[in-house]
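Chemist: Here it is, the structure, as structure tokens.
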Amino acid sequence: MPPPSTTPMISSSQEDELLAQAAHKTLFEQGLKIRYEVAGPAYVDAALAGGASNFARPMQELVTEACWGSVWARPGLERKQRSLLNIAMLCALNRGPELAAHVRGALTNGATEIEIRETILQVAIYCGMPAGLEGFKIAERVILGVKAEAQQDDGKKEKEG
């Protein structure tokens, strides 16, 4: 007769729960990595800090796992394509703060100003001029801000060099 095991027995439902927790953790970690790469530390840190309460934390976990860890990690579309799709959808839905974040992310993912502009023009035709006009205002503000940040960074490098 084999010696009794010192490892506690776990039920199949407990095992299933442990596997589910491990899967959630993997998706969250993968999603967090992609989220930081696309949206940048300042945006992600602010979003996570805003979702730090017990009430809001599950939403940030869901966004990070499902959106970033599952969908953004899938093969089939490059990050730039996903960014341009998000710009179109967020513009059409009039989701200004998220649109601004995704315009910045699109630039990070290699989208050009022209690609962003053409995406929003497409939205204007199919979703209405007000959506397009608001999208242009937001996108231009973000693009100008990114350019200003780049100029400041270049100025700092020149002073240091």
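Numbering-wise (numbering that gives the first Met the number 0), the sequence shown opens with residue 0 and increments by one. Even for Gly, the Cβ is constructed at its ideal location relative to N, Cα and C.
#1: Should the region 143-157 be called in touch with the region 116-132, which here means at least 3 C-beta pairs below 8 angstroms?
#2: Need the endpoints of the alpha helix (DSSP H) that Cys126 sits in, please.
#3: Can you give, in chain order, each stretch of the alpha helix (DSSP H) that sits fully within the region 3-46 and has at least 4 residues?
#4: With 16 as the cutoff for other CB atoms within 10 Å, does Leu17 come out buried or exposed?
#5: For a quick check, are the C-beta atoms of Val122 and Gly104 less than 8 angstroms apart?
#6: Can you say whether Ser82 is buried or exposed, counting buried as having 16 or more other CB atoms within 10 angstroms of its CB?
#7: Can we say the region 63-74 touches the region 91-106, given the rule of at least three CB pairs closer than 8 angstroms?
#8: Note down, one range per segment and in chain order, each alpha helix (DSSP H) of at least 4 residues found wholly within the region 64-93.
#9: Examine the Cβ distances between the region 56-68 and the region 28-39 and report whether three or more of them are shorter than 8 angstroms.
#10: Are there 16 or more other CB atoms within 10 angstroms of the CB of Leu98, so buried, or fewer, so exposed?
#11: Less than 6 angstroms between C-beta atoms, sequence neighbours within five positions excluded: which residues of the same chain meet that for Gly30?
#12: Using a Cβ-Cβ cut-off of 8 angstroms (strictly less than) and excluding sequence neighbours within five positions of Ile142, which residues of its own chain qualify?
#13: Inspect the beta-carbon positions of Ala91 and Ala138 and report whether they are closer than 8 angstroms.
Modeler: Taking the definition as stated:
#1: no
#2: Glu112 to Cys126
#3: 11-38
#4: exposed
#5: no
#6: Classification of Ser82: buried, given that the 10 Å Cβ count is 16 or more.
#7: no
#8: 78-91
#9: yes
#10: When all chains shown are included, Leu98 counts as buried.
#11: Thr63, Glu64, Trp67 and Gly68
#12: Val102, Leu106, Glu112 and Ile115
#13: No, the Cβ-Cβ distance between Ala91 and Ala138 is not below 8 angstroms.
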